[in-house]
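Participant: Residue numbers (our numbering): -18 to 334.
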Ligand code: PMP
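#1: Could you tell me how far apart the beta carbons of residue 60 and residue 208 are, in whole angstroms, since I believe they sit closer than 8 Å?
#2: Is residue 154 helix, strand or coil by DSSP?
#3: What's the gap between the Cα of residue 79 and the Cα of residue 102?
#4: With H, G and I counted as helix, E and B as strand and the rest as coil, what does DSSP make of residue 208?
#5: Going by CA-CA distance only, name the one from -12, 212, 23, 112 that's closest to residue 75.
#6: Nearer than 8 Å: is that true of the beta carbon of residue 348 relative to any heavy atom of the ligand PMP?
#7: Could you tell me if residue 185 is buried or exposed, where buried requires 16 or more neighbouring beta carbons within 10 angstroms of its beta carbon?
#8: Considering only the alpha carbon of each residue, which of 219, 301, 131 lies closest to residue 272?
#9: Below 8 Å, how does it come out for the stretch 18 to 38 and the stretch 170 to 189: are there three or more Cβ pairs, yes or no?
#10: When DSSP labels each residue in this structure, what does residue 303 get in the three-state scheme?
#11: Note down the Cα distance separating residue 326 from residue 125, rounded to an integer number of angstroms.
#12: To which residues of the same chain is residue 323 closer than 6 Å at the C-beta, ignoring the five residues directly before and after it?
#13: Below 8 Å, is the gap between the Cβ of residue 64 and the nearest heavy atom of the ligand PMP?
#14: Going by DSSP, what residue range makes up the beta strand (DSSP E) through residue 329?
#15: Helix, strand or coil for residue 47? Go by DSSP, reduced to three states.
#16: For residue 90, is the beta carbon positioned less than 8 Å from some heavy atom of the ligand PMP?
#17: Just curious, the beta strand (DSSP E) that residue 310 is in, first and last residue?
#18: Report the rounded CA-to-CA distance for residue 231 versus residue 246, giving the unit in angstroms.
#19: Measuring straight from C-alpha to C-alpha, what distance separates residue 34 and residue 62?
#20: State the CB to CB distance for the pair residue 151 and residue 120, rounded to an integer number of angstroms; the pair is presumed to be in contact (CB under 8 Å).
#21: Compute the minimum distance between the beta carbon of residue 299 and the heavy atoms of the ligand PMP, and state whether it is under 8 Å.
#22: What residue range does the beta strand (DSSP E) around residue 199 cover?
#23: Please state the DSSP three-state secondary structure of residue 75.
#24: If you count every other CB in all the chains shown that lies within 10 Å of the CB of residue 70, and 16 or more means buried, which is it?
#25: Less than 9 Å between the beta carbons of residue 93 and residue 128, yes or no?
#26: Could you check the C-alpha separation between residue 57 and residue 205 for me, to the nearest Å?
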């Protein structure tokens, strides 16, 4: 017998590339092209290096309280973690323990099946319709839990809150997780429903709309009961998930509401402009409410465009997976970045077609 027989073998999630080359146009991992709130820079300059000697507050109360004031939700209904990936992984571990399969869309955030495999959770991928929309009735069958992003990724499609509520209503016997990583780009959050449904968990992140992917801050809203279960799992894992810098800079980000709204507004208006430009070049795409567009060209294969763009130092995301291997996921950058991107595409297609 070899020691390798007793090893947990997993196929890990593959994140988008983080190229080590300078001066590229990086539209491949849905980061924000603008800097985080200026208050963070001030805090960074004043940050007590000496404080690193001490463990951080295990309850992360400064950050939880700042989120509580910002969203007007009681601190006992808020959980924080190291990016929403950490929050989601902890939620899978805590809430999905049935023998019945958990349900999620076939085209969605590709970390869900990785966690399900890791924790040995049975799961069923529910096909989106031909327009990449969720058919809510598909989620009315018996299950061990439900999770979907809203807006969905990588399609960018937002599902109306009334439909989200319908799914929650029909699933009183399992936990429903709504992954709202991209909610700040025009969608309406399900956070308003947590008092109505004690089995609802709404997960959000500082990585996209708050331009803090490098800091790793995620959070969730849910009933006191649900959050307590999540805390118990977290404290059985690692007491000090949020480090001192995350706590301090996370709070600073929440202080500047105007900057946050302006940043989201800029991304939304660039997105709408890029939709028109892409349409003019013949691309088709679901009507994104996120900070990316999931587009295909009817004549030119996505992988060809992906490679051509990469050669120009323009990185987008390509998924070699069923139903979506003809699409590119293009993160919305600054107007200038998107101009360079569009100019290249225009020239390339003109020469190619
Ligand atoms: N959910 C979805 C749908 C995402 O696309 C991402 C980004 N990869 C995440 C969660 C995780 O983001 P983070 O861990 O940076 O908060």
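Ideal placement from N, C-alpha and C gives every residue a C-beta, glycine not left out.
Facilitator: Checking against the coordinates, here is how it stands:
#1: 5 Å
#2: coil
#3: 8 Å
#4: helix
#5: 212
#6: Residue 348 lies beyond the residue range present for the chain, which begins at -18 and ends at 334; the question has no answer from this structure.
#7: buried
#8: In terms of CA proximity to residue 272, 131 leads the group 219, 301, 131.
#9: no
#10: Coil, per DSSP.
#11: 45 Å
#12: 258
#13: Result yes, Cβ under 8 Å from the ligand PMP.
#14: Segment 316 to 333 is the alpha helix (DSSP H) holding residue 329; no beta strand (DSSP E) there.
#15: Looking at residue 47 - three-state DSSP - the assignment turns out to be helix.
#16: yes
#17: Where residue 310 is concerned, the enclosing beta strand (DSSP E) stretches over 309 to 312.
#18: 20 Å
#19: 21 Å
#20: Yes, they are in contact, since the Cβ atoms of residue 151 and residue 120 sit about 7 Å apart, within 8 Å.
#21: Residue 299: no, Cβ never under 8 Å from the ligand PMP.
#22: 199 to 202
#23: helix
#24: Its Cβ being crowded by 16 or more others within 10 Å, residue 70 is buried.
#25: yes
#26: 6 Å
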